[in-house]
Amino acid sequence: MGLQSGVNMVSLDKVILALDGSRSEVERWLEFPFSFYKVGMEIFYAEGGLVQEIKGRDKRVFLDLKLHDIPNTVYKAAYALGGLGIDMINAHAQGGLEMLKAFSEGATEGALAKGYEKPLVIGVTILTSLSETKLKRLGYLDKPEDLVLRYGHLCKESLLDGVVCSPKEVKAIKEALGQDFLTVTPGIRLAGDSLDDQRRISTPKEAFKAGADYLVIGRSVTKANDPSEVIERLAGELQ
Numbered sequence: 004m005g006l007q008s009g010v011n012m013v014s015l016d017k018v019i020l021a022l023d024g025s026r027s028e029v030e031r032w033l034e035f036p037f038s039f040y041k042v043g044m045e046i047f048y049a050e051g052g053l054v055q056e057i058k059g060r061d062k063r064v065f066l067d068l069k070l071h072d073i074p075n076t077v078y079k080a081a082y083a084l085g086g087l088g089i090d091m092i093n094a095h096a097q098g099g100l101e102m103l104k105a106f107s108e109g110a111t112e113g114a115l116a117k118g119y120e121k122p123l124v125i126g127v128t129i130l131t132s133l134s135e136t137k138l139k140r141l142g143y144l145d146k147p148e149d150l151v152l153r154y155g156h157l158c159k160e161s162l163l164d165g166v167v168c169s170p171k172e173v174k175a176i177k178e179a180l181g182q183d184f185l186t187v188t189p190g191i192r193l194a195g196d197s198l199d200d201q202r203r204i205s206t207p208k209e210a211f212k213a214g215a216d217y218l219v220i221g222r223s224v225t226k227a228n229d230p231s232e233v234i235e236r237l238a239g240e241l242q
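Going by our numbering, the sequence shown opens with residue 4, and the numbers climb by one from there.
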């Protein structure tokens, strides 16, 4: 089924489609009405040149590599990646204040050196695949929402633009750190979808109602039998 002309695709501007699979599979999704795409570890390590192809189609790229290393290494990596002309990039907040500052400086300076605008620099708080039980096994005693808020404060102190968090923590982040502090939310599933490896999830409508700035959605669309129908449902939820 093709996309209906009456659907307001402007409502998809804050949706980031997560790409995975082979290059031919990925290229298929560039024909769909999304303006923002997430390029993660799997596809970037296999097909790094895909970033330039997406940018060449006047699309935006969120480079989701979750950088996490000593500050000098992260600075150099972020500098190189910023030079690709990406629009958003992230690093693990667990790396600490010095690393996060190095990350932000590297990504910004790398972009400006190549004549690009500064990308949005975002800190990853707690992976949405981690439940409270799993976090306790890793030695974390706080609840997920408390950990996310703690890392959120660290990211803001590091002058990052925002955080990656589950939709469950968006409201608390906004209340504590301000409405202009961005929240990028994976763990988005349409009603009736499989949870796969996600635990702290919400529907698109719930996430936007909580105040999320960007929704990352992948398999609900890319693994659907009728992606066009799913995109119409998604756009309808966000109007």
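Glycine residues also receive a C-beta, built at the ideal position from the N, C-alpha and C atoms.
- The C-beta distance from Pro147 to Ala215 rounds to 16 Å, too long to fall under 8 Å, and the pair is not in contact.
- Going by C-alpha positions, Leu193 is about 34 Å away from Ser161.
- Scanning Tyr154, Leu144, Ala116 for the CA closest to the CA of Ile129 turns up Tyr154.
- Membership of Tyr40 in any alpha helix (DSSP H) is not indicated; the residue belongs instead to the beta strand (DSSP E) covering 39-43.
- Contact between Val166 and Gly126 holds, with the beta-carbon distance rounding to 5 Å and staying under 8 Å.
- For Ile176, the uninterrupted alpha helix (DSSP H) run begins and ends at 173-180, by DSSP.
- Annotated three-state conformation of Leu68 is strand, per DSSP.
- Gly59 carries a helical assignment under DSSP once its states are collapsed to helix, strand and coil.
- Collapsing the DSSP output to three states places Ser169 in coil.
- In the DSSP assignment, His156 forms no beta bridge with any residue.
- Ser38 and Gly142 have their C-alpha atoms some 39 Å from each other.
- The C-alpha of Thr136 lies about 43 Å from the C-alpha of Leu115.
- Taking 8 Å as the cut-off, the Cβ atoms of Val64 and Ile89 count as close.
- Val173 and Ile19 do not touch by the CB rule: their CB atoms are close to 15 Å apart, not below 8 Å.
- Closest in C-alpha terms to Ile57, from the list Leu70, Tyr78, Leu33, comes Leu33.
- In the same chain as Gly51, and ignoring 5 residues on each side of it, no C-beta atom comes closer than 6 Å to its own.
- If you draw a straight line from the Cα of Asp183 to the Cα of Ala96, it is about 19 Å long.
- C-alpha of Leu53 to C-alpha of Gly24: approximately 12 Å in a straight line.
- Partner residues in the beta bridge of Asn93, as assigned by DSSP, are Ile125.
- Gly43 and Lys69 have their alpha carbons spaced roughly 9 Å apart.
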